[in-house]
Amino acid sequence: GIQVEQSPPDLILQEGANSTLRCNFSDSVNNLQWFHQNPWGQLINLFYIPSGTKQNGRLSATTVATERYSLLYISSSQTTDSGVYFCAVDLIAGQAGTALIFGKGTTLSVSS
Amino acid sequence: ETGVTQTPRHLVMGMTNKKSLKCEQHLGHNAMYWYKQSAKKPLELMFVYNFKEQTENNSVPSRFSPECPNSSHLFLHLHTLQPEDSALYLCASSPGQEQYFGPGTRLTVT
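So the protein sequences, as listed, match chains D and C.
Heads up: the first sequence begins at 1 in my numbering, then just goes up one per residue.
Heads up: the second sequence begins at 113 in my numbering, then just goes up one per residue.
Here it is in structure tokens:
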């Protein structure tokens, strides 16, 4: 099956620093999502980005589907950015009800 | 707040108990999912329902029994669980490909 690998597994930052999280996947995908899991377990949608680049405030993401990777950029990090960031993909185009395959996540800790 | 709600948020149950987890969405989504997140492991799919029909069962033990009475509600019935079933159980829904998750039920089996 498809493999989803995220790096780095852990990241420690000072408030205000920038960071880049990477997601590599082993097969062509039709859906790619980035999530932030807060300390209470809630998965918060960051980006739906099967290809291209999107920006939302201090966060942006780029997916290069032909090279099978996606990057999540966090600029001017804040303590509230702490948590686990997951990349998830699925393989089937244009169809609801297909499973997301998750990476193991990057655990980000931002200190003041 | 994604519009997907789950109850209860926390549950402690003995191995001989029977309990149910509930998931609800009024977003008009047709697909609903149960995922399991165990400590130190990636989230893994358990079940998928599309238009109330189960379309995927990811080799889940029969002590977990899903039910989808309509497109807005999804249940996970639990019976004779094992301590290793302790985990965060997450429900999701989707209108197409993008999935939206509920806050989860943190289950502890004693």
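Glycine is no exception: its CB is placed at the ideal position from the N, C-alpha and C atoms.
Here the structure is a predicted model, which is why all the values come from computation and not from measurement.
Would DSSP call Ala65(D) helix, strand or coil? helix
DSSP three-state call for Asp90(D): helix, strand or coil? strand
Opposing strand residues paired with Leu60(D) [DSSP bridges]: In the sequence as displayed, the identity of residue 60(D) is Ser instead of Leu. Ser60(D) is bridged to Gln55(D), Tyr73(D).
Positions along the segment 131-160 of chain C whose CB lies within less than 7 Å of some CB in chain D: Asn142, Ala143, Pro154, Leu155, Leu157, Val160
Given a cut-off of 9 Å, decide if Met125(C) and Leu219(C) are closer than it, judged by their beta-carbon atoms. yes
Following the continuous beta strand (DSSP E) through His191(C), name the residue where it begins and the one where it ends. 185-191
Return helix, strand or coil for Pro215(C), following the three-state DSSP convention. coil
Would you say Pro215(C) reaches chain D, if we count a Cβ-Cβ gap shorter than 9 Å as a contact? yes
Which term fits Asp10(D), buried or exposed, when burial requires 16 or more other beta carbons within 10 angstroms of its beta carbon? exposed
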